[in-house]
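Residue numbers (the UniProt record's numbering): 1 to 100.
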């Protein structure tokens, strides 16, 4: 992953989007993770600091853990997150048009 700290807002928006799409709910992720340095590799990573709110919802915890791991190991790139966040309103509009 490129510079995690420089993409803090993007990462937060992406994680919120994933939860919204998976569970059709919005969740405030403030305090649920932090940016730190891997002790061995010295690379920046996202470390989970889940509160009881997330821990009490195993499905949300699992999804957040998986997505954060993908970001940490570089499977999920900045470009992919940016595209997903930008494309979401369009996808939402298409769904609304199909319903009507």
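The C-beta atom is built at its ideal place from N, Cα and C for all residues, glycine as well. Note that the structure is a prediction, hence the values are computed from the model and not measured.
Exercise. Apart from the five residues just before and just after residue 20, which ones in its own chain have a Cβ nearer than 7 angstroms to its Cβ?
Worked result: 26
For this session: Within its chain, find whatever has a CB closer than 8 angstroms to the CB of residue 49; leave out the 5 residues flanking it on each side and keep chain order.
Result: 31, 32, 33, 34
For this session: Output the distance between the C-alpha atoms of residue 88 and residue 72, rounded to the nearest integer angstrom.
Result: 23 angstroms
Exercise. Ends of the alpha helix (DSSP H) at residue 11?
Worked result: 8 to 23
Exercise. Could you give the uninterrupted runs of the alpha helix (DSSP H) lying entirely in the segment 21 to 91, keeping only those of 4 residues or more?
Worked result: 52 to 55, 58 to 73
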